[in-house]
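The opening residue of the sequence shown carries number 1 in the working numbering; numbering runs sequentially from there. Glycine included, each C-beta is placed from N, C-alpha and C at the ideal position. Working notes, structure below.
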Amino acid sequence: MRAEVLTAAAGREGQASVEAALLVPSLLVVLALLIQPACLLYTRAVMSSAAAETARLAATASSSDDAVAFAKRRLKAVPEVGVFHVGGQDDWSVEVEGAGTGKASVTITGHARPLPLTAAVAGALSGLDAGGVRLEVTKEVQARASWVEGTYSDWVGIWE
């Protein structure tokens with residue numbers, strides 16, 4: 001009886017290797033499909049935060065140059081890896097409108113190079129161009145609530 005068990009087990013020695021050869025690539029593809037959206041979401045979250053903070057700064061600043069430099073410093077939190085961002089610091093496009101007027105708008109544009117499996121989906125959602133998948137975020141901030149009447153000088157005059 002013992003010889004029969006050994007003979008049956010000897011015929012299945014390579015089965016685990018064949019199963020692993022089929023399973024490991026499938027798991028890696030699924031892992032890549034889960035990681036790619038997380039990378040793009042992280043990049044968009046950093047872009048959104050940088051745009052909102054830059055818009056707050058631009059609404060009260062006298063020039064947009066300081067706001068653009070501030071945004072580019074904040075965008076350094078995005079790793080320079082293709083699935084996050086490509087093109088380095090020169091690829092970031094930061095447009096500031098309404099600096100110093102109390103109401104500012106900031107648009108930040110960048111590019112990412114997605115994995116081949118997710119390029120079609122990411123391109124359909126965000127748009128593709130020569131730099132890769134185009135990521136764009138726009139934030140608008142009003143430094144003073146619309147219900148506040150008068151100018152800053154009027155408010156200071158109340159306390160004198």
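Contact annotation, S63 with A104: C-beta distance approximately 12 Å; criterion of less than 8 Å not satisfied. Under the DSSP assignment, V24 falls outside any beta strand (DSSP E), being part of the alpha helix (DSSP H) whose first and last residues are 15-60. Close CB contacts of T138 within its chain, under the 6 Å cut and outside five residues either way in sequence, are with T107 (chain order). Annotation: the continuous beta strand (DSSP E) that includes R134 extends over 132-142.
For the pair L115 and E95, the Cα-to-Cα distance works out to about 28 Å. The alpha carbon of A112 has as its nearest neighbour, out of P79, T101, A16, A59, the alpha carbon of P79. The DSSP-derived three-state label of G150 is coil.
Cα atoms of T151 and E140: separation of roughly 21 Å, rounded to the nearest angstrom. With 16 or more other CB atoms across the displayed protein chains lying within 10 angstroms of its CB, T43 is buried.
Collapsing the DSSP output to three states places A112 in a strand.
Taking each of T60, C39, T101 in turn and checking the Cα distance to H85, the smallest one comes out for C39.
For P25 and G127, the gap between their C-alpha atoms comes out near 29 Å.
Short of 6 Å from the beta carbon of F70, and not among the five residues preceding or following it, lie these beta carbons of its own chain, in chain order: T54, L57. For V106, the three-state secondary structure derived from DSSP is strand.
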